[in-house]
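Chains as they are written, first to last, in our numbering: chain A, 1 to 356; chain B, 1 to 356. Cβ coordinates follow ideal geometry from the N, Cα and C atoms, glycine included. One structure is given below, encoded as structure tokens.
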């Protein structure tokens with residue numbers, strides 16, 4: 001019943017030089033599509049040629065934002081193509097769906113469809129270390145009327161984009177500004193979901209940070225404006241006096257797949273790990289007394305992103321002399337090693353989905 | 001240069017029986033479209049046949065929610081068509097644009113285009129009192145790549161939908177649930193903008209309220225969870241001991257056009273008016289000591305929406321015996337009277353835009 005149909009594109013695109021393209025600018029020849037209606041539920045799963053999509057000008061998502069997405073990556077390992085933790089990502093898609101009142105998808109079916117899509121598009125998976133095929137599943141309410149209510153029809157797509165190594169000039173620390181004016185999400189809001197609202201709320205602060213010379217924004221909680229939340233495109237971790245500390249999952253931050261990878265591996269390596277509330281004042285104090293050893297982000301895009309400078313209220317904390325810390329380096333090497341096959345994958349983080 | 005072109009639809013639709021259709025389900029024959037690109041700015045303003053629109057599957061708004069909208073109404077006054085406070089709505093569109101980092105529009109140009117559109121579609125403006133032609137301008141980021149950043153290309157549309165009287169069974173009080181779990185918007189967030197994020201954040205609480213037998217949700221502030229904010233589709237006002245009290249515009253609620261109309265008229269009628277923080281405890285106390293005379297919402301859709309029941313933490317406050325209060329009735333009659341031409345429009349709230 002739910003077999004995934006395949007409509008082949010009549011013309012295949014020329015593949016770009018991945019090292020010269022930005023993130024998410026080029027897409028492969030095909031995409032996966034599935035439709036939800038009240039009477040049929042999720043139906044008509046099919047792989048079709050990549051093309052523009054058509055919506056009503058009264059589309060519920062354009063007006064009221066009922067949408068969610070995921071982001072994961074496929075890598076070349078010699079003659080194999082693997083995806084990093086695909087089921088974790090698809091289960092998180094369903095968690096976002098729950099928060100936005102979008103009907104749950106059949107993870108097994110979408111997983112099957114994703115593997116079929118990657119098999120078809122395997123020639124698009126870049127072979128160089130650091131490069132990957134970015135996988136973007138997304139769901140949006142497709143109703144074409146203007147009432148504010150939970151949608152009755154949805155579309156799910158998976159689109160694929162070959163992406164360069166995140167660090168085009170080599171793995172290097174970023175400058176992060178701690179945001180004390182704008183709020184991304186708060187308790188009781190949508191912060192735990194991968195949904196457009198959280199990104200819309202981050203745009204202006206991102207501009208302000210860039211103007212001040214920072215790469216990204218570190219969010220504080222919306223209530224007390226003192227507890228660390230996340231960086232918007234990644235979770236944040238601190239190494240303080242030997243311990244790995246990261247904000248607990250309190251409903252206002254994303255439950256990062258790379259975050260849980262890092263925490264699991266760090267524990268196995270023997271580091272004390274703590275998921276708890278951590279205030280910006282505690283970070284400042286640790287900086288002052290010399291116990292703030294490392295700060296780094298974790299996320300699908302960059303895997304590990306060492307923070308060289310943390311700016312707060314006009315003052316810059318320079319972390320580990322602005323250099324990559326040894327823990328961040330070791331974790332980056334390990335996780336990217338598992339992804340490219342240089343490290344043995346003892347946790348089964350990767351799943352082989354195609355042979356080239 | 002910025003003349004508004006007109007491409008006429010080849011087939012005109014049959015007009016529906018407005019009394020039998022829901023809100024925002026039917027659209028007129030034409031719509032206004034304008035395009036923004038970095039090199040040309042806003043350009044190519046044109047009125048074209050109403051039709052579906054085409055977006056990239058990587059569309060920035062579907063993924064990251066950079067969009068805004070407005071809602072206003074056109075009414076028949078005998079042989080004339082008027083719009084209620086169109087420039088206030090278009091200026092508020094630009095305020096939302098500022099918050100979402102969307103390029104400002106030329107209000108004069110959009111105003112001209114709107115009048116031309118209504119002139120073309122004037123036969124769609126329903127003639128019965130209470131019915132209207134709902135006007136929905138909206139702007140969305142139209143970029144087709146997956147980076148989280150402020151868009152470089154945008155589309156603006158204005159679509160028109162004939163709508164029935166809001167109170168199909170007569171002007172009557174609603175049941176409102178005070179929401180103490182979920183948060184719509186908070187200080188430092190997007191609450192002041194008409195943007196999808198705020199509506200996405202309201203969907204789940206709306207479902208919960210409906211399941212508990214309430215019509216809508218009254219939001220509390222996201223920090224202390226005690227100060228009254230708004231109802232999501234309308235602002236909220238209280239009549240306490242003869243005074244009209246409404247939450248101040250603090251950045252997390254919408255600056256309603258009907259709200260400002262009501263406050264201005266109430267002052268002229270000699271009522272004391274106060275825009276200030278008001279806590280749910282103050283409302284409860286006023287209810288208990290008998291000084292909570294009326295509660296009502298204000299918004300473009302309903303104009304005035306008397307609240308008959310206010311539920312908070314499982315207890316219902318029955319306002320004015322569940323009946324429409326005299327102030328709400330008087331204000332409803334006055335504003336709808338101005339809109340339909342039964343009342344003299346001494347404030348120039350309405351603008352004549354077409355003759356039928």
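Does the Cβ of residue 216/A have 16 or more other Cβ atoms within 10 Å, making it buried, or fewer, making it exposed?
Translated into the one-based positions of the first chain, residue 216/A becomes position 216. By the 10 Å Cβ count, residue 216/A comes out buried.
Would you tell me roughly how many angstroms separate the C-alpha atoms of residue 66/A and residue 98/A, rounded to the nearest one?
On the first chain, residue 66/A is found 66 positions in, with the first residue counted as 1. On the first chain, residue 98/A is found 98 positions in, with the first residue counted as 1. Spanning the two alpha carbons is a distance of roughly 11 Å.
Could you tell me the alpha carbon to alpha carbon distance between residue 189/A and residue 344/B, rounded to whole angstroms?
To locate residue 189/A, count along the first chain from 1; it is residue 189. To locate residue 344/B, count along the second chain from 1; it is residue 344. The alpha-carbon atoms of residue 189/A and residue 344/B are separated by roughly 44 Å.
Can you name, in chain order, every residue of its own chain whose Cβ lies under 6 Å from the Cβ of residue 125/A, other than the five neighbours on each side?
Translated into positions along the first chain, residue 125/A becomes position 125. So the list reads 74, 76, 81 and 133, once near-sequence residues are dropped.
Considering residue 358/A, what are the terminal residues of the beta strand (DSSP E) in which it resides?
Any answer about residue 358/A is impossible in this case: the structure gives chain A only from 1 up to 356.
Would you grab the beta carbon distance between residue 138/A and residue 69/A for me? Rounded to a whole angstrom, and I think it's under 8 Å.
Counting from 1 along the first chain, the entry for residue 138/A is found at position 138. Counting from 1 along the first chain, the entry for residue 69/A is found at position 69. Right, the Cβ-Cβ distance comes to about 4 Å (below 8 Å), so this counts as a contact.
Buried or exposed for residue 145/A, going by 16 or more other Cβ atoms inside 10 Å?
Taking the first residue of the first chain as 1, we reach residue 145/A at position 145. Its Cβ being crowded by 16 or more others within 10 Å, residue 145/A is buried.
For the stretch 16-35 of chain A, which residues have a CB atom closer than 8 Å to at least one CB atom of chain B, in sequence order?
22, 23, 24, 25, 27 and 31
For residue 219/A, count the other beta carbons within 10 Å of its own beta carbon; 16 or more makes it buried, fewer makes it exposed. Which is it?
What you label residue 219/A is simply residue 219 of the first chain in a count that begins at 1. Buried, because 16 or more other Cβ atoms sit within 10 Å of the Cβ of residue 219/A.
So which residues of chain B does residue 54/A contact, with C-beta pairs closer than 9 Å?
As a working note, residue 54/A is residue 54 in the first chain. 52, 53, 54 and 55, listed in chain order.
For residue 211/B versus residue 356/B, is the C-beta distance shorter than 8 Å?
Reading the second chain from its first residue, position 211 is the one you call residue 211/B. Reading the second chain from its first residue, position 356 is the one you call residue 356/B. Contact flag unset, no.
Measuring alpha carbon to alpha carbon, tell me which of 325/A, 304/A and 288/A ends up nearest residue 315/A.
Working through the first chain from its first residue, we reach residue 315/A at position 315. For residue 315/A, the nearest C-alpha among the options comes from 288/A.
Tell me where the beta strand (DSSP E) around residue 41/A begins and ends.
Residue mapping note: residue 41/A aligns to position 41 of the first chain, counting from 1. 41-49 is the extent of the beta strand (DSSP E) around residue 41/A.
Could you give the C-beta distance for residue 257/B and residue 89/B, rounded to a whole number, given that I count them as a contact under 8 Å?
The sequence position of residue 257/B within the second chain is 257, counting from 1. The sequence position of residue 89/B within the second chain is 89, counting from 1. The pair is a contact, with the Cβ atoms about 6 Å apart (cut-off 8 Å).
In the DSSP assignment, the alpha helix (DSSP H) including residue 331/A goes from what residue to what residue?
In the first chain, residue 331/A corresponds to position 331, counting from 1. That run of the alpha helix (DSSP H) goes 326-340.
Where DSSP assigns a beta bridge to residue 69/B, which residues make up the other side?
Residue mapping note: residue 69/B aligns to position 69 of the second chain, counting from 1. Residue 69/B is bridged to 138/B.
Would you kindly work out how many angstroms separate the C-alpha atoms of residue 186/B and residue 46/B, rounded to a whole number?
Locating residue 186/B in the second chain gives position 186, where the first residue counts as 1. Locating residue 46/B in the second chain gives position 46, where the first residue counts as 1. Going from the Cα of residue 186/B to the Cα of residue 46/B covers about 37 Å.
What is the residue span of the beta strand (DSSP E) that residue 273/A lies within?
Position 273 of the first chain, counted from the first residue, corresponds to residue 273/A. It spans 273-275 - the beta strand (DSSP E) in which residue 273/A sits, taken as one unbroken run.
For chain B, find out if any of its Cβ atoms is closer than 8 Å to the Cβ of residue 161/A; answer yes or no.
Walking along the first chain from the start, residue 161/A turns up at place 161. Yes, residue 161/A counts as interfacial toward chain B.
What is the DSSP secondary structure of residue 282/A, reduced to helix, strand or coil?
As a working note, residue 282/A is residue 282 in the first chain. In the structure shown, residue 282/A sits in a helix (DSSP, three-state: H, G or I).
Please state the DSSP three-state secondary structure of residue 312/B.
Locating residue 312/B in the second chain gives position 312, where the first residue counts as 1. The answer is strand: DSSP assigns residue 312/B an E or B state.
How many whole angstroms separate the CB atoms of residue 328/B and residue 294/B, which I take to be in contact at a CB cut-off of 8 Å?
On the second chain, position 328 is the one that residue 328/B refers to. On the second chain, position 294 is the one that residue 294/B refers to. Right, their Cβ atoms sit about 6 Å apart.
Start and end residues, beta strand (DSSP E) containing residue 30/A
Against the first chain, residue 30/A aligns to sequence position 30. Taken as a continuous stretch (DSSP letters only), the beta strand (DSSP E) holding residue 30/A covers 30-37.
Test item: CB-CB of residue 191/A and residue 252/A under 8 Å
Mapped onto the first chain, residue 191/A falls at position 191. Mapped onto the first chain, residue 252/A falls at position 252. Yes, Cβ-Cβ distance for residue 191/A and residue 252/A is below 8 Å.
Can you tell me which of 118/A, 96/A and 167/A puts its alpha carbon nearest to the alpha carbon of residue 130/A?
Within the first chain, residue 130/A is the residue found at index 130, counting from 1. Ranking 118/A, 96/A and 167/A by Cα distance to residue 130/A puts 167/A first.
Keeping to the same chain, check which residues put their C-beta closer than 6 Å to that of residue 350/B; ignore five residues upstream and five downstream.
To locate residue 350/B, count along the second chain from 1; it is residue 350. Closer than 6 Å at the Cβ level, and outside the excluded window around residue 350/B, lie 82 and 84.
Proximal residues to residue 204/A (C-beta, below 8 Å), its chain only, five neighbours per side dropped:
Residue 204/A sits at position 204 when you count from the first residue of the first chain. Taken in chain order, the residues that qualify are 182.
CA-CA distance, residue 243/B and residue 5/B?
In the second chain, the residue the question calls residue 243/B occupies position 243. In the second chain, the residue the question calls residue 5/B occupies position 5. Cα to Cα, the separation comes out at about 50 Å.
Proximity below 8 Å, CB of residue 335/A to CB of residue 261/A:
Numbered from its first residue, the first chain carries residue 335/A at position 335. Numbered from its first residue, the first chain carries residue 261/A at position 261. Yes.
Would you please state the rounded distance, in angstroms, between the beta carbons of residue 299/A and residue 147/B? I believe it to be under 8 Å.
Position 299 of the first chain holds residue 299/A. Position 147 of the second chain holds residue 147/B. Incorrect: roughly 14 Å between the Cβ atoms, too far for contact.
Inter-residue spacing [alpha-carbon to alpha-carbon] between residue 347/A and residue 339/A
Within the first chain, residue 347/A is the residue found at index 347, counting from 1. Within the first chain, residue 339/A is the residue found at index 339, counting from 1. Roughly 12 Å between the two C-alpha positions.
Whole-angstrom distance between residue 165/A and residue 19/A, CA atom to CA atom
Looking up residue 19/A in the first chain gives position 19. Looking up residue 165/A in the first chain gives position 165. Distance between the alpha carbons of residue 19/A and residue 165/A: 7 Å.
When you compare only the Cα positions, how much space is there between residue 136/A and residue 274/A?
Mapped onto the first chain, residue 136/A falls at position 136. Mapped onto the first chain, residue 274/A falls at position 274. So the two alpha carbons sit approximately 31 Å from each other.
Between the Cα of residue 353/A and those of 115/A, 232/A and 207/A, spot the shortest distance and give me the residue it belongs to.
Here residue 353/A refers to the residue found at position 353 of the first chain. For the residues 115/A, 232/A and 207/A, the minimum Cα distance to residue 353/A belongs to 115/A.
In its own chain, which residues sit with a C-beta less than 7 Å from the C-beta of residue 307/B, not counting the 5 before and 5 after it?
Mapped onto the second chain, residue 307/B falls at position 307. The residues are 173, 174, 176, 295, 296, 297 and 319.
Indicate the three-state DSSP secondary structure (helix, strand or coil) for residue 305/A in the structure shown.
If you number the first chain from 1, residue 305/A lands on position 305. Strand.
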